[in-house]
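Engineer: First the structure, which I've put down as structure tokens, then a few questions once you've had a look.
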Amino acid sequence: MRIDVVTIFPSYLQPLREALLGRAIDRGLLEVAVHDLRDWTHDVHQAVDDSPYGGGPGMVMRPQVWGEALDDVLATPDLPARLVVPTPAGRPFTQATAHAWAAEERLVFACGRYEGIDERVLLDARARGITVDEVSIGDYVLVGGEVAVLVMVEAVARLLPGVLGNPRSAAEDSFSDGLLEGPSYTRPEVWRELAVPDVLRGGNHAAIARWRRDRALERTRDRRPDLLDALGPDALDAADRAA
Ligand SMILES: N#Cc1c(-c2ccc3ccn(Cc4cccnc4)c3c2)n[nH]c1N
Numbered sequence: 003m004r005i006d007v008v009t010i011f012p013s014y015l016q017p018l019r020e021a022l023l024g025r026a027i028d029r030g031l032l033e034v035a036v037h038d039l040r041d042w043t044h045d046v047h048q049a050v051d052d053s054p055y056g057g058g059p060g061m062v063m064r065p066q067v068w069g070e071a072l073d074d075v076l077a078t079p080d081l082p083a084r085l086v087v088p089t090p091a092g093r094p095f096t097q098a099t100a101h102a103w104a105a106e107e108r109l110v111f112a113c114g115r116y117e118g119i120d121e122r123v124l125l126d127a128r129a130r131g132i133t134v135d136e137v138s139i140g141d142y143v144l145v146g147g148e149v150a151v152l153v154m155v156e157a158v159a160r161l162l163p164g165v166l167g168n169p170r171s172a173a174e175d176s177f178s179d180g181l182l183e184g185p186s187y188t189r190p191e192v193w194r195e196l197a198v199p200d201v202l203r204g205g206n207h208a209a210i211a212r213w214r215r216d217r218a219l220e221r222t223r224d225r226r227p228d229l230l231d232a233l234g235p236d237a238l239d240a241a242d243r244a245a
């Protein structure tokens, strides 16, 4: 997978080259290119924003600069791309989104700042046949799109074959079965007088699986009842309902 990110703060994306993702890039599992939006400005001040039509607080990012940048970055007809635009007004980015995007050959992320990007940039891209996804990583307001891109790239990249050491991690993590993950334990067996649950040390794999499922259901009911509501009627069996 190739990922391109356009931003006025390229150094914000440096964490993508650290740790697991950095190793995935080094191993050729992922290609990441970060572009400075100001490279497409032509004025001495390298202006990327201007006042909003209709008034209101803050500034809006200029369409001319974004248009030229995306013309160049998206100019790869042999490699169809999906343009992703993080915004507080976007559709929710979920684990299902991450799985869908992990199947894409190329993702281009447009990181806005100020009050966002002039709407005509997205309209123009769609008019030219580019798939444009406006997505939000949560119901809170950030200062720009860069942090959201870090979140989304990590969520997608970890699903790519070979990136995680153990592919079961992605198959069994939270949300993979619609539930939150239950608690985890490791050595020592007792720590500050707190013992690991006996079932996890007993070696009965069926009992362990049941215990983990029960803890996941309990946690989901407590913290995310909306996820339970979203599960289909057949998602929970009798044992689940008894838990
Ligand atoms: N994904 C995502 C986001 C953002 C987000 C993303 C991109 C931009 C670009 C500019 N801003 C600031 C801004 C814009 C509009 C109104 N208010 C503030 C951003 C916020 N905030 N919260 C999220 N979950």
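The sequence shown maps to residues 3 to 245 in the working numbering.
We put the beta carbon where it would ideally sit given N, CA and C, even for glycine.
(1) In this structure, what does DSSP give as the bridge partners for Ile-5?
(2) Is the closest heavy atom of ligand 1 to the C-beta of Arg-115 under 6 angstroms?
(3) If you drop the 5 nearest sequence neighbours on each side, which residues of the same chain put their C-beta closer than 6 angstroms to that of Leu-23?
(4) Thr-133 lies in the alpha helix (DSSP H); which residues open and close that run?
(5) For Arg-93, which beta-bridge partners are listed by DSSP?
(6) Got a sec? Which residues, its chain only, sit under 6 angstroms from Glu-220 by beta carbon, not counting five neighbours each side?
(7) Ala-83 by DSSP, collapsed to three states: which one?
(8) Taking the alpha-carbon positions, what's the Ile-10 to Leu-39 distance?
(9) If I'm right that Arg-64 touches Ala-49 with Cβ under 8 angstroms, what's the distance once you round it to whole angstroms?
(10) I'd like the ranges of any alpha helix (DSSP H) spanning at least 4 consecutive residues and lying wholly in the segment 18-70.
(11) Going straight from the alpha carbon of Asp-141 to that of Ala-91, what length do you get?
(12) Please determine whether the Cβ atom of Thr-99 lies at a distance below 6 angstroms from any heavy atom of ligand 1.
(13) Go through its chain and collect everything with a Cβ distance to Ile-27's Cβ below 8 angstroms, but skip five positions before and after it.
(14) Quick check on this structure: which residue in Arg-170, Gly-205 and Ala-71 has the alpha carbon closest to the alpha carbon of Val-265?
(15) Beta carbon of Val-137, beta carbon of Phe-95: below 7 angstroms?
(16) Let me make sure I understand the geometry here. Which of Val-67, Ala-150 and Leu-15 has the alpha-carbon closest to that of Val-86?
(17) Skipping 5 residues on each side, what residues in its chain have a beta carbon closer than 7 angstroms to that of Arg-223?
(18) Would a C-beta distance cut-off of 7 angstroms place Arg-217 and Gly-184 closer than the cut-off?
(19) Work out the CA separation of Leu-161 and Met-3 for me, nearest whole Å.
(20) Looking at Val-8: is its Cβ nearer than 7 angstroms to the Cβ of Val-75?
(21) Count the other CB atoms, across all protein chains shown, that sit within 10 Å of the CB of Gly-147; report buried if there are 16 or more and exposed otherwise.
(22) Reducing DSSP to helix, strand and coil, say where Leu-196 ends up.
(23) Anyone know if the C-beta pair for Val-155 and Ile-139 falls short of 7 angstroms?
Structural biologist: So, from the data block:
(1) Val-34 and Leu-109
(2) yes
(3) Ala-159
(4) Premise fails: Thr-133 lies in the beta strand (DSSP E), 133-138, not in any alpha helix (DSSP H).
(5) Val-137
(6) none
(7) coil
(8) 5 angstroms
(9) 7 angstroms
(10) 21-28
(11) 9 angstroms
(12) no
(13) Leu-18, Arg-19, Glu-33 and Val-34
(14) Residue 265 lies beyond the residue range present for the chain, which begins at 3 and ends at 245; the question has no answer from this structure.
(15) yes
(16) Ala-150
(17) Leu-230
(18) yes
(19) 11 angstroms
(20) yes
(21) buried
(22) strand
(23) no
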